[in-house]
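Chemist: Residue numbers (this note's numbering): 2 to 163.
Just so you know, even glycine gets a beta-carbon here, dropped at the ideal spot from N, CA and C.
Remember, predicted model here, so these are calculated numbers, not experimental data.
Once you've had a glance at the structure underneath, I'll fire off some questions.
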């Protein structure tokens, strides 16, 4: 599904969004609070999640952690609650250039954001959020935001009940 085909009912473009593994995991496994609202946003088409082979492999690896006590069926069910809503992006080899990042494990998310022409990368990871610094931000063509900052950008009708 191309970016031009994905629009809100009012005609505004839906943000192409890279969501880091911890946010997806929290939304799928725990489902409440702010990350639960992110899940509702991708399910209702208020944002378009982007995924790559590397980011999906990471999600699958983390869902299999013993501490979550998820059976293989549980893992498949959770993936089925995310992957059908995501646009798969092929990240070229070699991957696109991105700013230096303190944690090399975060590079696949930056590569996906560039290759997928993302509008936003949503994360709570300090190693990614530091890339919003004024000396780095001009080199990025996408915003790196927290879950709350993403939710603040969604339509007011999407706000949780008071």
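From residue 118 to residue 109, what does the alpha carbon distance come to, in whole angstroms?
Modeler: If you number the chain shown from 1, residue 118 lands on position 117. If you number the chain shown from 1, residue 109 lands on position 108. Spanning the two alpha carbons is a distance of roughly 14 Å.
Chemist: How far does the beta strand (DSSP E) with residue 109 in it extend, from its first residue to its last?
Modeler: Mapped onto the chain shown, residue 109 falls at position 108. Per DSSP, residue 109 belongs to no beta strand (DSSP E); it is in the alpha helix (DSSP H), 108-116.
Chemist: Using beta-carbon positions only, say whether residue 113 and residue 60 come within less than 8 Å of one another.
Modeler: For the purposes of this step, residue 113 is taken as residue 112 along the chain shown, with counting starting at 1. For the purposes of this step, residue 60 is taken as residue 59 along the chain shown, with counting starting at 1. No, these two residues do not count as a Cβ contact at 8 Å.
Chemist: Quick one: Cα of residue 87 to Cα of residue 49, how far?
Modeler: Position 86 of the chain shown, counting from 1, holds the residue named residue 87. Position 48 of the chain shown, counting from 1, holds the residue named residue 49. Roughly 6 Å separates the two Cα atoms.
Chemist: Identify the residues that DSSP records as bridge partners of residue 20: which are they?
Modeler: Working through the chain shown from its first residue, we reach residue 20 at position 19. According to DSSP, residue 20 bridges with 123.
Chemist: Determine, using beta carbons only, whether residue 115 and residue 99 come nearer to each other than 8 Å.
Modeler: Taking the chain shown and counting its residues from 1, one reaches residue 115 at position 114. Taking the chain shown and counting its residues from 1, one reaches residue 99 at position 98. Yes.
Chemist: Helix, strand or coil: which one does DSSP assign to residue 81?
Modeler: As a working note, residue 81 is residue 80 in the chain shown. Residue 81 falls in the helix class under three-state DSSP.
Chemist: In terms of residues, what are the limits of the beta strand (DSSP E) holding residue 144?
Modeler: Stepping through the chain shown from its first residue, residue 144 is reached at position 143. Element bounds for residue 144: 144-146.
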